[in-house]
Amino acid sequence: MAATDVFLVVASGGFLFISCRIFLQKKLYKDLQQLAPQDTLPGSAVTPQSSSTQPWHSTLAQTCFSLCFSECSILFCMLMCQGLDWLEPSIRLISWRITLFLLLFTILLLVPMSFSLILTYRPDNPGFVQSRALPIRVAIALAPVALFIFALSYIPLPAELLLHNPLTAVTARLVTLGTTVLGLLSGLGAVSGSWGVINRSRSIPSASSIASAETALERVKNDLRDRSRDLDDYASSKPQPDGSWLSRMSFKRNGQQNSIQQEVIGLQALEEQMSLRVVALKRNRISAEYAESFTGKTITWSWAVYCVCRVCSSAFNILSPTVSNTSPSSASYGDIVAHVLAWLFSFLPLSATGDEGKPQFDIPSLSKQISLSLVGVIILCSLRLVLRGVTRAFHVTSRKTSASLMLLTLAQLMGIYLLSTLVQLRTTFPPAVSTVIEEAQDASDDSMNLFATLPEYSLFGGLFDWSFLIGAVGCALARWARRSFEGDDFEM
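In full-length UniProt numbering, the protein residues as written are 1 to 492.
Next up, the structure:
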């Protein structure tokens, strides 16, 4: 029976990894390439490469994301098996610890190392991977990762967490960092979600302006097509130099091909910007038309109200810490809207009943889960800005390289959000106190609750509120400054 359970866990992990890889190759990675900026050089100006060959950084990024996805899925599956009493407890505990260790290894080492390797990669050196200087490059890439691990080790922990095993301590430090990142992203998404309602002076593109932009874009495309054809014709008809000294000097001084090539590069960059402008005009017009409909107004205003309430709730939690700290389980992503929704949900006939026939519905626990889900939606709303900001921050100009960096960023955020979610779920399903204390001493306890290997979320609730407010205030100031200095503009 134990061998069968082990086989099921391993087979499930392999199936999830392969399925994620297939999905990435067919859908997600291509979508990220469309979101990324265009390549620097046109196809005729660079060394031609086969479209079937995949860059090494693309394979590396897809592998890291697939590993992170499969590890996150296995952790959730182990929790479901614990709730349904599936698999043997010892198999669940061993699988949980191994998967948690692999997830921490992926988040702390594999993804940052891959990020550093991609950033230090030079496209002008095709033999980068086979280069003799590869060990030196790997050492340079590992230096930022080592500094990151060293800085992470200095995150202070409460005294009770120091009694646990190193895996729990590392998880607590990573959750501390992850809570800060998620709070900043949530604040960014909250302001972005409510900005469209607050900023009502935003101009709506007309049909004539879109038509004019499309006409100008078509002219640029025609010019680019003509100059690219001239460059190809010149390269194919250019006579090869013979052995004479005069012909070699004439061949070296001939800068016509370089001039045409630079012109093609400029037209290609102009086409990219104008294409983004046309897409932004169409998208903003569609969004404006939808926002004027009844459904659009209802959803937009409801979401904006929730984002504002979430900011107010974080400010209230910070200004009134005694209210949020009345019980350890109350330190959560709590907000007013989530409490109201949980209270309304308690009136549904699906609610559980106690022995005396009275409703026995855990409103605080449901409120935490609703709030956590809404925070996840806020983070998803801000992912597009974050992913484009990653490539701009590192001045990445290649589509495939940008897509690889975006995929690694998604993997990092997915793993961090999962750990924060698991720690949050620990407050809903608290383990027995004895298993928490004796976890480091009695590792063979088959009846141990899997949540006992995680730190309590009450240690991180205030940190999330602070980072949420900082992210919201910073995003609001940045948008206000951009609007003041640049005027109304369309998001690309």
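Glycine included, every Cβ here is placed at the ideal spot set by N, Cα and C. As the structure is a prediction and not an experimental result, all values here were calculated from the model.
(message) Could you check whether residue 404 and residue 499 sit closer than 7 angstroms to each other, using their CB atoms as the reference points?
(response) Outside the shown range of the chain (1 to 492) lies residue 499, about which nothing can therefore be said.
(request) Could you say which of 275, 78 and 307 lies nearest to residue 213 if we only look at CA atoms? (result) The residue labelled residue 213 in the question sits at position 213 within the sequence shown. Minimum Cα distance to residue 213 is reached at 275.
(request) Look at the Cβ atom of residue 475, then the Cβ atom of residue 8, and state whether they are nearer than 7 angstroms. (result) Residue mapping note: residue 475 aligns to position 475 of the sequence shown, counting from 1. Residue mapping note: residue 8 aligns to position 8 of the sequence shown, counting from 1. For residue 475 and residue 8, no; Cβs fall outside 7 angstroms.
(request) Express the C-alpha separation of residue 342 and residue 364 in angstroms, rounding to a whole number. (result) Locating residue 364 in the sequence shown gives position 364, where the first residue counts as 1. Locating residue 342 in the sequence shown gives position 342, where the first residue counts as 1. If I take the Cα positions, the gap works out to 8 angstroms.
(message) I need the straight-line Cα distance from residue 466 to residue 183, nearest angstrom please.
(response) For the purposes of this step, residue 466 is taken as residue 466 along the sequence shown, with counting starting at 1. For the purposes of this step, residue 183 is taken as residue 183 along the sequence shown, with counting starting at 1. About 8 angstroms.
(request) Please say whether residue 229 and residue 263 have beta carbons closer to each other than 7 angstroms? (result) The residue labelled residue 263 in the question sits at position 263 within the sequence shown. The residue labelled residue 229 in the question sits at position 229 within the sequence shown. Contact: no.
(request) Label residue 54 either buried or exposed according to how many other C-beta atoms from any shown protein chain fall within 10 Å of its C-beta, with 16 as the threshold for buried. (result) Here residue 54 refers to the residue found at position 54 when the sequence shown is read from its first residue. When all chains shown are included, residue 54 counts as exposed.
(message) Among the candidates 109, 485, 469 and 478, whose CA atom is the shortest distance from the CA of residue 319?
(response) By one-based count along the sequence shown, residue 319 stands at place 319. Cα-wise, what sits closest to residue 319 is 469.
(message) Just to confirm the assignment, what range does the alpha helix (DSSP H) spanning residue 121 have?
(response) Mapped onto the sequence shown, residue 121 falls at position 121. Neither: residue 121 is in no alpha helix (DSSP H) and is coded neither H nor E.
(message) Does residue 232 pass the burial test, meaning 16 or more other C-beta atoms within 10 Å, or should it be called exposed?
(response) The residue labelled residue 232 in the question sits at position 232 within the sequence shown. Classification for residue 232: exposed.
(message) Taking contact to mean 3 or more Cβ pairs, one atom from each stretch, closer than 8 angstroms, check whether the segment 11 to 28 and the segment 57 to 76 are in contact.
(response) yes
(request) Flag this pair as yes or no: are the beta carbons of residue 72 and residue 193 separated by less than 7 angstroms? (result) Position 72 of the sequence shown, counted from the first residue, corresponds to residue 72. Position 193 of the sequence shown, counted from the first residue, corresponds to residue 193. Taking 7 angstroms as the Cβ cut-off, residue 72 and residue 193 do not qualify as a contacting pair.
(message) Residues in the same chain with beta-carbon distance under 8 angstroms from residue 223, minus the five sequence neighbours each way, listed in chain order, please.
(response) Indexing the sequence shown from 1 puts residue 223 at position 223. Answer for residue 223: 267, listed in chain order.
(message) Comparing C-alpha positions only, which one of 485, 449, 208 and 27 sits nearest to residue 495?
(response) Outside the displayed range of the chain (1 to 492) lies residue 495, so it cannot be described from this structure.
(message) For the alpha helix (DSSP H) containing residue 82, name the first residue and the last one.
(response) Stepping through the sequence shown from its first residue, residue 82 is reached at position 82. Counted as a single uninterrupted DSSP element, the alpha helix (DSSP H) harbouring residue 82 occupies residues 56 to 84.
(request) Using a threshold of 7 angstroms, state whether the C-beta atoms of residue 378 and residue 186 are closer than that. (result) Within the sequence shown, the letter at position 378 stands for residue 378. Within the sequence shown, the letter at position 186 stands for residue 186. In contact: residue 378 and residue 186 (Cβ atoms closer than 7 angstroms).
(request) Take residue 6 and list the residues in its own chain whose beta-carbon comes closer than 7 angstroms to its own, dropping the five residues that flank it on each side. (result) As a working mapping, residue 6 is identified with position 6 in the sequence shown. Hits under 7 angstroms: 91.
(message) Quick check: the Cα distance between residue 288 and residue 173, rounded to an integer number of angstroms?
(response) Residue mapping note: residue 288 aligns to position 288 of the sequence shown, counting from 1. Residue mapping note: residue 173 aligns to position 173 of the sequence shown, counting from 1. Their Cα atoms are separated by approximately 44 angstroms.
(request) Please report how far the alpha carbon of residue 409 lies from the alpha carbon of residue 338, in whole angstroms. (result) Walking along the sequence shown from the start, residue 409 turns up at place 409. Walking along the sequence shown from the start, residue 338 turns up at place 338. The straight-line gap from Cα to Cα measures roughly 29 angstroms.
(message) Rounding to the nearest angstrom, what Cα-Cα distance links residue 297 and residue 415 in this structure?
(response) For this step, residue 297 is matched to residue 297 along the sequence shown. For this step, residue 415 is matched to residue 415 along the sequence shown. If I take the Cα positions, the gap works out to 34 angstroms.
(message) Here's a check: name, in chain order, each residue in its chain whose Cβ is nearer than 6 angstroms to the Cβ of residue 57, leaving out the five neighbours to either side.
(response) Within the sequence shown, the letter at position 57 stands for residue 57. Here the set comprises 118 and 404.
(message) Taking the alpha carbon of residue 217 as the reference point, which residue from 171, 59 and 273 has its own alpha carbon closest?
(response) Along the sequence shown, read from residue 1 onward, the residue named residue 217 stands at position 217. Residue 273 is the option with its Cα nearest to residue 217.
(message) If I follow the unbroken alpha helix (DSSP H) through residue 298, where does it start and stop?
(response) Within the sequence shown, residue 298 is the residue found at index 298, counting from 1. Residue 298 -> alpha helix (DSSP H) spans 294 to 319.
(message) Quick check on residue 112: buried or exposed, where buried means 16 or more other Cβ atoms within 10 Å of its Cβ?
(response) Stepping through the sequence shown from its first residue, residue 112 is reached at position 112. Under this definition residue 112 is a buried residue.
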